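This report refers to the structure that appears directly beneath it.
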Amino acid sequence: MNKLVAGNLVHRPLRSLISALAIAIEVIMILSITAILLGKISGFKTRQNGIGMDMIVRPATTNNFLGMSGAGASIKVADVLRKIPHIKVVAPVNIQITGSLDSIYGIEYDSFNALLPFQYLSGTSFQGPDDVIIDDYAAPGKKVGDKLQILNHDFRICGIVRHGKGARKFIPIDTMGKLNQTEGKASTFYVQTENSPQYQEDVRKAIMVTPGMSTYDVRTADEYLSSFSPDKLPYMNTAIKVVVGISLVIGFLVIFQSMYTAVMERTREIGVLKSLGASRAYIVSLVMRETAVIAAAGIILGIVTSFVLSTALNARFPTLDFDINLPWVWKSVMIAFVGALLGAVYPALKAASKDPIDALAYE
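In this text, residue positions in the sequence shown follow our numbering: the first is 643, and each later residue adds one.
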């Protein structure tokens, strides 16, 4: 049977190739969309962990994606928090997200740097209100002293640092306030406690009983970052399900059309097999094995192409966060394989149901 399967596939190389490419595209679609969506979450979590905070304090109305709800708290809240026992550092930050989804952090340099110091590759900290610090991912083609326009304002690059501290561009918090009409305001407060996590619950309780702070959202870093997952972001789950559904339909239809046409073209061949004693199960198995070989070839091609694409995109666009999720590799394999087999079921049953007399008379 294996020789027969191989012969049938080689005899129709173009159809076999197109079918395998369709399965590959199905796998690439699934892995690429999940790589972008889940990569954004993974990249965001990594950068937040690199800030050095272990708690976050925000106005209760602030969106989980900092910068999407504006700056709604007074910077003076930082002074209130600094008086609470077991708090080492409080860094107010005014976050603005641009139209290109680029996060700009307006920071109080001394406190933000105290959380976890910047690692400078060149340059220094702010020397004036129109200075900007950028990370190495935002720096290609730029150097210290160059001009950079941010929020329709010209800044001078004063320092280039290693990536991984929340944003890729940092400006003075006072300048941010002037640019987006939120002077004296902050989006969030990054907090570092003593002997974390020993005092985190005590600090949380102390903040909540502090006058004027009862409406604030106080979370540990782990609690905050755990809220960023497909299960807790409904729109992301929906997007992934839509892509998977479309991919499944593509794989199903392509295999269905390919195998159905193949069965019609091989009517006489099937008649010969049945006249020689081939059972219905044998005919079904023959069609399903051909499908499995095509699906396996397409899946391998799709996975290899996805990883090549990932390497190329990360090299060309390091800020893209195109990160292929390994669990989704296995899921894409199962989805593509099951979809292909389902697409071959009807053609296989139709082939098995052919009458050998009619099939032998077929021209």
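C-beta atoms are modelled at their ideal positions from N, C-alpha and C, and glycine is treated no differently.
Every value quoted in this text rests on a predicted model; they were computed, and no experiment measured them.
Span of the alpha helix (DSSP H), counted from its first residue to its last, around residue i
i, result
"A994", "968-994"
"P839", "First-last for P839: undefined, no H or E at that position."
"N755", "751-757"
"D796", "It is not in any alpha helix (DSSP H) - D796 instead sits in the beta strand (DSSP E) that spans 795-803."
"V786", "Premise fails: V786 is in no alpha helix (DSSP H) and is neither H nor E."
"S764", "That residue, S764, is in no alpha helix (DSSP H); its beta strand (DSSP E) goes 762-765."
"V833", "Looking at the DSSP string, V833 is not in any alpha helix (DSSP H); the run it does join, the beta strand (DSSP E), is 830-835."
"I660", "655-691"
Cβ shell of residue i (< 8 Å), same chain only, five flanking positions each side left out
i, result
"S716", "G826, K827, A828"
"I729", "L723, V833, Q834, T835, E836, V845"
"R657", "S900, T903, A904"
"L791", "It should be noted that the sequence gives Gln, not Leu, for residue 791. Within the same chain, Q791 has close Cβ partners F797."
"K820", "none"
"I882", "I675, T676, L679, P872"
"L659", "none"
Among the options, nearest to residue i - alpha-carbon criterion
i, options, result
"S889", "A664, R931, L659", "A664"
"K973", "L659, P655, M671, D773", "M671"
"T830", "K682, V946, P989, R700", "R700"
"E843", "K682, P727, M976, A720", "P727"
"L962", "N879, I675, L659, E668", "I675"
"N879", "I683, E668, A666, T852", "I683"
"A756", "F686, V946, G694", "G694"
"R689", "L867, N967, L955, S927", "L867"
"R804", "H795, I815, V884, D778", "D778"
Buried versus exposed call for residue i [16 or more other C-beta atoms within 10 Å across all chains shown]
i, result
"G709", "Since pLDDT at G709 reaches only 45, below the 50 mark, its modelled position is unreliable, and no value is offered."
"T835", "buried"
"W970", "buried"
"E750", "buried"
"V732", "buried"
"M850", "exposed"
"Y877", "exposed"
"G854", "exposed"
"P771", "exposed"
"V950", "exposed"
"Q823", "exposed"
"P655", "exposed"
"E865", "exposed"
"P989", "buried"
"P839", "exposed"
"T862", "buried"
"G944", "buried"
"T817", "buried"
"F754", "buried"
"N736", "buried"
"G801", "buried"
Cβ neighbours of residue i in the same chain (closer than 6 Å, five flanking residues each side left out)
i, result
"R922", "A994"
"V786", "S764, G765, I799"
"F812", "Y747, I749, I775"
"G692", "G806, K807"
"G783", "none"
"A662", "I936, A939, G940"
"L895", "none"
"G893", "I665, E668, A978, G981, A982"
"F760", "V803"
DSSP three-state assignment for residue i, whether helix, strand or coil
i, result
"A780", "coil"
"V935", "helix"
"P727", "coil"
"G709", "With a pLDDT of 45 at G709, under the threshold of 50, the predicted position of this residue should be treated as unreliable, though the coordinate-derived value follows. Coil at G709, not helix or strand."
"M697", "strand"
"Y1004", "Low confidence applies to Y1004: its pLDDT is 47, below 50, so where it sits in the model is not reliable, and the reading given next is rough at best. Coil at Y1004, not helix or strand."
"G748", "strand"
"I813", "strand"
"A702", "coil"
"I849", "helix"
"K827", "strand"
"I775", "strand"
"K820", "helix"
"K807", "strand"
"I717", "coil"
"Q738", "strand"
Range covered by the beta strand (DSSP E) that runs through residue i
i, result
"R861", "858-862"
is_contact[residue i, chain B] using C-beta, thresh 8 Å
i, result
"K811", "Checking the listed chains, one finds no chain B in this structure; it contains a single protein chain."
Own chain partners of residue i with C-beta closer than 7 Å, once the 5 adjacent residues on each side are dropped
i, result
"T933", "I897, M901, A982, L983, A986"
"G681", "D963, F964, D965"
"V886", "I672, I977"
beta-carbon residue i near the ligand ZN non-hydrogen atom, thresh 7 Å
i, result
"L984", "Inclusion of the ligand ZN in the displayed structure is not the case, the ligand content being empty and no account of it being possible."
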